[in-house]
Amino acid sequence: MPKIKFILLVLCLLLISTHTEAQNKKYEPVEGKIIGIWPHNNRFTDTAKLAELKNRWGFENLLIAAIYGKQEVEMANKAGFESANISLQIYLPDLQTNKEKTVNNLKECGKIGGYYFDEPISRKQSLPDFLWLLKVLSEEGYYPHAQFVMSEINEYRAKQVDFLVDEIMYSGYGSKENLGLDQQKSWKEWQSLLGSKFSMVWISSLEDADHYRTLFKAAKELCMRGAWFYQLEPLDVDKECDDSNFEKFCEAAVEFGFMKVRPTE
1 MPKIKFILLV LCLLLISTHT EAQNKKYEPV EGKIIGIWPH NNRFTDTAKL
51 AELKNRWGFE NLLIAAIYGK QEVEMANKAG FESANISLQI YLPDLQTNKE
101 KTVNNLKECG KIGGYYFDEP ISRKQSLPDF LWLLKVLSEE GYYPHAQFVM
151 SEINEYRAKQ VDFLVDEIMY SGYGSKENLG LDQQKSWKEW QSLLGSKFSM
201 VWISSLEDAD HYRTLFKAAK ELCMRGAWFY QLEPLDVDKE CDDSNFEKFC
251 EAAVEFGFMK VRPTE
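Set out below in structure tokens:
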């Protein structure tokens, strides 16, 4: 009986040690790779929660949703994100509602790393508004200081305006034929058509949670320069993905050369 108790004690200590090691593990991008995140809205309720994305999980680049503005950019700065690594989503229909307010909001955020447009063609948003905004931001010195990044779900639609943007991303999760959650085929087709304009991929914390290794392997084979973690959904306040999901993403990124474990200080 004492022997059994001793074995159980050793097992418990090993479990505690493993859990502590996992909690203390921190990540960072490999040099030359971009690791970004579109975080759950819950992260903007607390600077510490936002800082954890960078300091623990190693996300150097941050996308802020269009519903936010100057306050959230400043919060991101306090959390350790450099302005050059922050992108702001622009919802083009907002220009039709109130152009002055939308542009002022962008100016208040200062010079950042990029502006992101989510499926503007598929959502039938206004091309004239896009061109007008491009002109205004250029005149004010915000572009080309910042990149214009667009996502689409159809590569041929994206190709129509690829000369207007710096980067195009595929915002679908799963193959175009909906035969599963492996985007490899779609990524290859996009790269074949769009070339260097397609060099970063979205990976979803929801739809892709069981496929991180497969997707990072594909991203490596296609020589992608970056991967973005779509952590926004589900939108429910209490439904943010847990630490084990982050760990799976980061470990897959480490395995295929996008991230590395930060040396213990």
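If you read the sequence shown in this note's numbering, its first letter stands for residue 1, the second for the next number, and so on.
Backbone N, C-alpha and C fix where the C-beta goes; we use that ideal spot for every residue, glycine too.
Model, not experiment: these values are computed from the prediction.
The beta carbons of L127 and K159 sit about 14 Å from each other, so the pair does not count as a contact at 8 Å. Ranking I121, D129, G113 by CA distance to the CA of G141 puts G113 first. Three or more Cβ pairs closer than 8 Å define a contact, and the stretch 40-53 falls short of that threshold against the stretch 91-104. Scanning its chain for C-beta atoms nearer than 7 Å, with the 5 sequence neighbours on each side dropped, one finds around C250 the residues Y27, W57, G58, M259, in chain order. Taking a cut-off of 8 Å on C-beta distances, the stretch 211-223 touches the stretch 239-256, as three or more cross pairs fall below it.
Rounded to whole angstroms, the gap between the alpha carbons of N61 and E72 is 14 Å. Inter-segment contact for the stretch 223-234 and the stretch 198-208 is present: three or more beta-carbon pairs are separated by less than 8 Å. When the Cα atoms are used, N154 and Y91 turn out to be separated by approximately 19 Å. Scanning N41, Y170, L164 for the CA closest to the CA of K135 turns up L164.
Counting along the chain, the unbroken beta strand (DSSP E) around L62 starts and ends at 61-64. Judged by DSSP in its simplified three-state form, K260 adopts strand.
S151 has its alpha-carbon roughly 4 Å from the corresponding atom of M169.
For Q125 and P93, the gap between their C-alpha atoms comes out near 7 Å.
Q96: not part of any beta strand (DSSP E); member of the alpha helix (DSSP H) spanning 93-97, first to last residue. Taking each of Y156, A209, K54 in turn and checking the Cα distance to S186, the smallest one comes out for Y156.
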